[in-house]
Every structure is written in C-alpha cells, then in structure tokens.
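Notes follow the structure.
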Amino acid sequence: MDTTGRRRNPYELTEETPVYVISVAAQLSGLHPQTLRQYDRLGLVSPDRTAGRGRRYSARDIELLRTVQQLSQDEGINLAGIKRIIELENQVAALQSRVAEMEAALDGAAAAMQQREAAVHASYRRDLVPYQEVQQASALVVWRPKRQQSSD
C-alpha cells in the first residue's frame, strides 16, 4: 500500500523501485562501481539485494549517490560526515512525516469533538427558556431591627 492507503500496483515503477544493476547505477551516477561498493559497505547508500545477493539500485539511490559525490568533491566533507548528514536528513524526514500524521489526527479529533458538541446542542429541550440574570439596582438597603420598648 502507498501513503494514501491505496493498494499499489506491483508492476508500477516508482523512484524507490530497485531496477538498476551496479554497472548502470555507476554510469548514471558518474562513479566507479568499486566506489558504489565502498559506499554500500560504509552504509552511505544501501541498495536492495536480489536473491543471488546482487545489488539493485533505485532512482532515489542514484540521486543519493550524486549527493554523496557532490558533498565529498565540491564541499570537501569526509564520508563519516556525509553519513551523519544523511542520517540527520532521514531523521528530519521521519519527524516531518510524524508531525503530518499527528496534525491529521488532531484535525480528526477536532472535527469529532465539533460533531459531538453539535449533537449535544441539538439535544437541548426547546421548551425551556434560557435564564437571563436580572440586573439589580445599586441601591443600598439597611436593615434595622425594631427595638423593643421597655415597659417602665
């Protein structure tokens, strides 16, 4: 199933579908196949494996290989730093996905609460009159008990 809950066509190609053998992936990324093997060993880019343990790269893997190469060559970041950057980017993506899930759940809970509130208001008896507090005057009333008269 995909992220929308629909059943995915098993023959549909997506950017995560592992279809490229290592020689094609190397050519598409502009890297040597041995470099791809090293990146796999270091855990930078981990392609899927076939039953015979052959590597199969997806379009997303190819893009990641290009990013690793760009960070290494153009930015001068070592492979350990690149691995940490990739881990942090993956963590950020996972957190963004979780926030989106929680926002959707919150929206659903708010809608359900509004429906329950509307149901409660609809259940009010119509023959009752709403009570309005009467404003009283601001006069001061002093009560004095009557004195008993003494019988002298």
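Under numbering that gives the first Met the number 0, read the sequence shown as residues 0 to 151, first letter to last. For each residue, glycine too, the CB sits at the ideal point set by N, CA and C.
How many angstroms separate the CA atom of residue i from the CA atom of residue j?
i	j	result
Ala24	Tyr56	6 Å
His120	Leu105	22 Å
Ala79	Arg59	21 Å
Leu27	Leu35	12 Å
Gln113	Arg97	24 Å
Leu94	Met101	10 Å
Asn8	Glu116	42 Å
Ala103	Ala110	11 Å
Arg48	Gln37	15 Å
Lys145	Ser137	25 Å
Arg52	Ala108	47 Å
Ser71	Tyr10	35 Å
Arg125	Glu132	20 Å
Gln90	Ala50	29 Å
Tyr123	Trp142	43 Å
Val140	Gln147	22 Å
Starting from the Cα of residue i, find the closest Cα among the options and give me that residue.
i	options	result
Leu64	Ala110, Arg48, Ile81	Ile81
Glu14	Glu62, Ala99, Leu94, His31	Glu62
Leu41	Arg48, Leu70, Arg83, Ala103	Arg83
Gln69	Leu30, Asp47, Ala138, Gln147	Leu30
Thr66	Glu88, Gly51, Arg48	Glu88
Could you round the C-beta distance between residue i and residue j to whole angstroms and report it? I think they count as a contact, below 8 Å.
i	j	result
Asp73	Arg54	At roughly 25 Å, the Cβ-Cβ gap does not stay under 8 Å, so Asp73 and Arg54 are not in contact.
Leu43	Ile85	7 Å
Val18	Leu12	7 Å
Ser187	Pro32	This structure leaves residue 187 out entirely; the chain is present only between 0 and 151.
So who's on the other strand from residue i, going by DSSP bridges?
i	result
Asp47	Arg55
Tyr19	Tyr56
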